[in-house]
Amino acid sequence: MLTNNKNVKPKRKDRPWILFLTALLWVCGSCFFHDPWEPYEPFVVAIVKSILSSNSWLIPYINPSFPYLDLQPFYFWIFAIIIKVLHLSDISHAVRIINGLIVLTLIYVMSRVGRNLLAYKNGRTTTMILISTVGFINCAYQISPKIVVMLGFVLYLFALQRMKYKPGLSIATMALALVFISINFTAQNLYIALFVLLVLPIINSHWRCKEYLMLTFGGVSIFLLFFISYAWQLRSVDQVFFNVWAIQYMHFVNLNQDILARYLQMLVMLSWYLIPCGLLVIWSLYKRKKEIFLDPILTVGLILIFLMILVSGISKGFLENALFPIVIPMVLLASVEVDSIKIHFVSLLNWFSITVFGFAGLVAAALYFSLDFHKPVELYNLAKRFAPNYEFRFYIWQLLLAALITLIWLFMVTRKHIRGREAISNWASGTTFVLVMFMSLCIPWFNSVLSFKSLVQSSVPYINKSEEICIASFGENKIQNAIWYYYTGLVLQPENDIDVTSCQQAIVTAPNKEIVNIEYDKWRVVWSGKRSVDKREYFLIERN
């Protein structure tokens with residue numbers, strides 16, 4: 010006989026349209042049109058412009074004498090090929106849209122990987138955790154190879170997961186994944202990915218099968234054919250550049266540093282970089298313990314996390330550039346025990362997200378109305394100090410988009426019977442709410458603060474209008490080389506010593522004009538300028 014049980018939990022209502030709309034708005038936030046911002050965007054758009062205008066695909070450069078080595082050539086090919094095929098005219102906007110499509114692809118494939126883990130309806134949860142993680146937001150909302158490398162690791166896991174069901178597609182996916190992983194600043198992550206493929210059959214019987222052998226042999230062979238062909242062609246065209254590229258790409262270990270201090274720095278970085286998935290990973294490991302190894306993909310994720318932390322501690326360069334792909338396996342681990350989170354922690358997480366994101370949304374709205382109505386005066390004066398040339402313009406789409414994301418966020422946070430999955434959804438909708446509010450209402454102001462366009466254009470009247478313009482620049486591949494080439498088409502001539510250049514003008518940077526007058530006493534300043542966020546000024550100097 011059935012009896013009424015008042016403690017039965019209410020049936021959860023699935024609303025996949027909320028997930029789709031939230032993810033779509035989140036991606037749109039990374040596509041809003043604005044001029045190239047630092048750190049990598051000016052170089053990306055300038056080099057893509059250089060590839061399209063010079064048809065030089067093997068060696069990326071702004072100035073033909075100085076190849077650009079900080080980012081791999083494959084990365085620029087993605088944008089240049091699509092722009093060339095589709096005949097797109099505005100390079101900056103095209104690059105941003107393509108980057109948004111890459112982000113959307115990553116989110117979709119990540120949900121497919123999450124859906125096939127040993128967890129209930131895990132694809133949606135994986136997506137929500139991913140778009141709310143600070144590290145992923147930091148990578149997706151800027152133009153840099155990080156998001157492509159992340160997509161490479163997601164495709165890598167997807168190929169491993171589907172190898173027994175679609176072996177042919179898995180081989181092609183693995184080859185593409187390794188190409189994307191190789192786009193990283195150094196070969197560090199490529200070595201990790203190849204090493205994991207080597208050791209998986211040793212540590213787990215799941216991978217001792219003919220499908221895995223076909224996947225590994227086929228995927229790695231196709232990748233090596235592509236990669237070695239590029240290296241061979243590069244060596245044939247420019248031996249010097251090949252040697253420099255190979256040394257910088259392959260030699261990423263630095264043992265001449267305080268490794269303990271680097272690991273401590275790593276701990277500090279991960280404490281904010283993995284919000285909120287870091288705590289969820291700890292909970293998943295606590296709940297599942299050894300059962301976590303029953304899922305082969307989660308096992309691969311744990312191996313990747315261990316190797317990424319280990320190798321990043323002895324690598325050279327910026328720590329974030331070495332460790333950022335850790336977000337992908339961490340999100341997968343974080344997603345599998347969301348429904349078992351204690352109600353007290355769920356309530357704390359939910360109210361914390363409502364408070365923080367609600368306040369941030371109010372700040373975005375206050376900044377928008379302050380720029381329009383000039384009240385409150387203190388906020389308006391602060392905003393104008395950072396963007397003195399900003400002029401408010403009313404666009405109805407800004408208010409409509411802000412209203413839409415606000416309604417979605419309010420709907421999410423006012424739901425009843427909040428549990429772990431709903432708390433994560435609320436956090437994801439909160440991050441989307443804040444990002445879209447700032448990027449819709451305040452994007453013109455941010456662009457006025459961070460754009461180089463007005464700075465470069467103000468220097469144009471002072472540039473000599475001779476038939477062969479020659480302007481020197483101190484050092485190779487500096488930010489001024491990229492922005493002056495992108496906005497004016499001028500190719501600055503890099504020099505290690507400005508005094509020995511044959512050019513009659515030069516662009517240099519310094520904290521103030523007095524230092525320029527001392528360091529370049531044979532020159533005179535004809536123009537100077539900087540953005541409000543710059544600590545150093547840009548000077549156009551001319552021979553006396």
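Count along the sequence shown starting at 1, add 9, and that's the number in my numbering. Just so it is clear, CB atoms sit at the ideal spot from N, CA and C, and this is done for glycine as well.
Cα-Cα separation, residue i to residue j
| i | j | result |
| --- | --- | --- |
| L273 | F315 | 16 Å |
| K299 | V104 | 44 Å |
| Q197 | Q257 | 11 Å |
| C148 | R244 | 32 Å |
| W216 | K175 | 15 Å |
| S98 | S344 | 41 Å |
| L419 | A437 | 13 Å |
| L160 | I527 | 49 Å |
| F29 | R430 | 16 Å |
| V534 | F361 | 53 Å |
| V57 | I100 | 8 Å |
| K296 | A168 | 28 Å |
| V542 | L178 | 48 Å |
| V445 | I414 | 7 Å |
| F378 | Y404 | 13 Å |
| K544 | A519 | 9 Å |
| A374 | K522 | 39 Å |
| K15 | C40 | The pLDDT assigned to K15 is 47, lower than 50, so where the model puts this residue is not dependable; a value taken from the coordinates is nonetheless given after this. Going by the C-alpha atoms only, they are around 48 Å apart. |
| V122 | P503 | 47 Å |
Residue(s) in a DSSP beta bridge with residue i
| i | result |
| --- | --- |
| F235 | In DSSP, F235 forms no bridge with anything. |
| W418 | According to DSSP, W418 bridges with nothing at all. |
| Y547 | T518, G538 |
| V262 | S324 |
| N577 | The requested residue 577 is not part of the displayed model; the chain covers only 10 to 553. |
| E504 | F483 |
| R402 | BP columns for R402 are empty, so no partner. |
| R557 | The requested residue 557 is not part of the displayed model; the chain covers only 10 to 553. |
Which listed residue (the options) has its alpha carbon closest to that of residue i
| i | options | result |
| --- | --- | --- |
| R424 | Q466, L459, Q407, I363 | I363 |
| Y471 | P334, G538, L388, Y49 | G538 |
| G498 | C512, T510, E477, G484 | E477 |
| L127 | D304, I140, N72, Y404 | D304 |
| F9 | E387, A411, L380, A412 | The structure shown does not extend to residue 9, since the chain is modelled only from 10 through 553, so no value can be given for it. |
| Y529 | Y494, K487, A481 | A481 |
| S434 | V372, Y404, V347 | V347 |
| Q81 | V122, F302, F189 | F189 |
| L332 | L199, Y150, A375 | L199 |
| S321 | S449, H260, R271 | R271 |
| C479 | S463, Q513, P453, F461 | Q513 |
| V118 | K173, A186, L358 | A186 |
| P7 | I350, A411, V249 | With the chain covering 10 to 553 only, the question about residue 7 has no answer from this structure. |
| T510 | F483, V500, L341 | F483 |
| A369 | L203, L450, N213, Y547 | L450 |
| Y221 | R171, A255, V246, D247 | R171 |
Contact check, residue i vs residue j, beta carbons under 8 Å
| i | j | result |
| --- | --- | --- |
| I111 | I156 | yes |
| V290 | M339 | yes |
| W532 | R552 | yes |
| F366 | F455 | no |
| F85 | I60 | yes |
| I318 | V205 | no |
| A396 | V458 | yes |
| L209 | V309 | yes |
| I516 | L549 | yes |
| F194 | N108 | no |
| V336 | T182 | no |
| I201 | V158 | no |
| A184 | F251 | no |
| Y547 | A55 | no |
Q: Examine the Cβ distances between the segment 64-74 and the segment 31-38 and report whether three or more of them are shorter than 8 Å.
A: no
Q.
With a threshold of 8 Å, are at least 3 pairs of Cβ atoms found where one atom belongs to the segment 217-229 and the other to the segment 265-272?
A. Flag = no, the segment 217-229 and the segment 265-272 do not touch.
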